[in-house]
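Undergrad: Going by our numbering, the letters in the sequence shown line up with residues 24 to 334, in that order.
Beta carbons: idealized from backbone N, C-alpha and C, even for Gly.
Computed from a predicted structure; not experimentally measured.
Encoded as structure tokens, here's the structure I'll be asking about.
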Amino acid sequence: MDLIVNTGPDETVSILLAYGSGSFRTPMKFPTGNHPEQLAVADFNNDKHLDIITASNENDVSILLGFGNGSFGPPTTFAISSTPNGIAVADINDDNYMDIIVLTDSICDTFLGYGNGSFAPRVSFETESFSMGLVVGDFNNDNHADIAIVRMTYKVVNVFLGYGNGAFRTAISTSTLAEPEKIAAGDFNGDQKIDLAIASCHTNRLYVLRGFGNGSFGASMNYSTPACPAFIAINDVNNDNYLDLVIANRDNDTFSIFPGYGDGNFGTQMIFPTGMDPRSLAVGDFNRDDRMDIVTAGYTSGTIDISFNIC
24 MDLIVNTGPD ETVSILLAYG SGSFRTPMKF PTGNHPEQLA VADFNNDKHL
74 DIITASNEND VSILLGFGNG SFGPPTTFAI SSTPNGIAVA DINDDNYMDI
124 IVLTDSICDT FLGYGNGSFA PRVSFETESF SMGLVVGDFN NDNHADIAIV
174 RMTYKVVNVF LGYGNGAFRT AISTSTLAEP EKIAAGDFNG DQKIDLAIAS
224 CHTNRLYVLR GFGNGSFGAS MNYSTPACPA FIAINDVNND NYLDLVIANR
274 DNDTFSIFPG YGDGNFGTQM IFPTGMDPRS LAVGDFNRDD RMDIVTAGYT
324 SGTIDISFNI C
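In structure tokens form, the structure reads like this:
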């Protein structure tokens, strides 16, 4: 499993090709234009090779088409409404081509993909102010992509249900009880309805909202984290077939694992040291031992740190 890392100060992304033993080749850098802050990966031109999209604080996004050998073409850049707070890729109009969703402070920009690496002109809708993070999922089980957005100051998550044509309904709001900043989605209790995990740096807590399958969510359960949960990943890291939560704790250089019980509840967190100022992480099997490992990216240190699973 290879790694792609934003290296914003020099306006590039770094590609680290894996040896399969947990080590990586020397990074290859590819220009993105401006300062990339957000990153996502998908096949935008249907050539079965992964492509990269980055969003920058210069109010634009860049597409780098992949050649399938670890290298990428020059960036194609186009404007977004404002500084990005989140980015996602999904098929929001049911044409089997990947589309782009970019969240800014109060607007969500969508770009419908043509399936050849190019996109239709931007279409935007209002999300209201202090929109901090987004996740895409089917929250009402109608087989159309929906968007969930957390609004920090207003302590809510807004769900925009998709029509399947690239347009979305008026938001359904659910209280989060705290100032939410990061969001992730998964079925934590096995009822075939998508639930939400939300992180708040203001309270140093993680909130889990049970999905009702109609775009609304139940009252949250909450769990303490060490210091500013800055990123949420969802995976089964202990091989019990239940989803666990993995959290990057920005302000004390650790990550936490909350083991899932499969009923919507999570066990006592396990805390592990990592590199300085972790603001994102990923879960994968980097050494081919059939166990999920964790890699964190240190914003201040400019390093990545891999923690191998020995359980």
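Would you list, in sequence order, the uninterrupted beta strand (DSSP E) runs of no fewer than 3 residues that lie entirely inside the stretch 248 to 312?
TA: 252 to 258, 267 to 272, 277 to 281, 293 to 296 and 301 to 307
Undergrad: Curious, which full-length beta strand (DSSP E) runs of at least 3 residues does the stretch 123 to 156 contain?
TA: 130 to 134 and 146 to 149
Undergrad: Please state whether DSSP places Pro22 in a helix, a strand or coil.
TA: In the structure displayed, the chain extends from 24 to 334; residue 22 sits before or after that span and is not available.
Undergrad: Taking the Cβ atom as the reference point for each residue, do Val260 and Asn332 lie within a distance shorter than 8 Å?
TA: Yes, the Cβ-Cβ distance between Val260 and Asn332 is below 8 Å.
Undergrad: My guess is that Ala102 and Asp83 are in contact by the Cβ rule of under 8 Å, so how many angstroms apart are they, rounded?
TA: 5 Å
Undergrad: Does any C-beta atom of chain B lie closer than 8 Å to the C-beta of Lys216?
TA: The structure shown contains no chain B; it holds only a single protein chain.
Undergrad: Take Ser94 as the anchor and find which of Arg174, Ala207 and Ile38 has the nearest alpha-carbon.
TA: Ile38
Undergrad: Quick one: what's got a C-beta closer than 6 Å to Met293's C-beta in the same chain, skipping five residues either side?
TA: Ile280
Undergrad: Kindly provide the ranges of any beta strand (DSSP E) runs that are 3 or more residues long and lie completely inside the stretch 58 to 100, ordered along the chain.
TA: 59 to 65, 74 to 79 and 83 to 87
Undergrad: Closer than 8 Å is the cut-off here; do at least three beta carbon pairs connect the stretch 148 to 161 with the stretch 72 to 82?
TA: no
Undergrad: Per the DSSP calculation, Ser37 is bridged to which residue(s)?
TA: Val28 and Lys52
Undergrad: Report yes or no: do the stretch 36 to 55 and the stretch 118 to 134 share at least 3 C-beta pairs separated by less than 8 Å?
TA: These segments do not touch.
Undergrad: Which residue comes first and which comes last in the beta strand (DSSP E) that contains Ser198?
TA: Element bounds for Ser198: Ile195 to Ser198.
Undergrad: Please list the terminal residues of the continuous beta strand (DSSP E) segment that includes Thr326.
TA: Thr326 to Ser330
Undergrad: Leaving aside the five residues before and after Gly31 along the sequence, list all residues of the same chain whose C-beta is less than 7 Å from its C-beta, in chain order.
TA: His58, Pro59 and Glu60
Undergrad: State yes or no: is the C-beta of Ala271 within less than 8 Å of the C-beta of Arg302?
TA: yes
Undergrad: Of the choices Gly287, Ser104, Asp274 and Thr291, whose alpha-carbon is the least far from that of Gly321?
TA: Asp274
Undergrad: Which word fits Gly136, buried or exposed, when buried means at least 16 other C-beta atoms lie within 10 angstroms of its C-beta?
TA: Gly136 counts as buried, since at least 16 other C-beta atoms from the protein chains shown sit within 10 angstroms of its C-beta.
Undergrad: Quick check on Lys205: buried or exposed, where buried means 16 or more other Cβ atoms within 10 Å of its Cβ?
TA: buried
Undergrad: Could you tell me which residues DSSP pairs with Ile317 in its beta bridges?
TA: Val306 and Ser330
Undergrad: With distances taken Cα to Cα, identify the nearest neighbour of Ile221 among Ser324, Gly283, Pro282 and Val231.
TA: Val231
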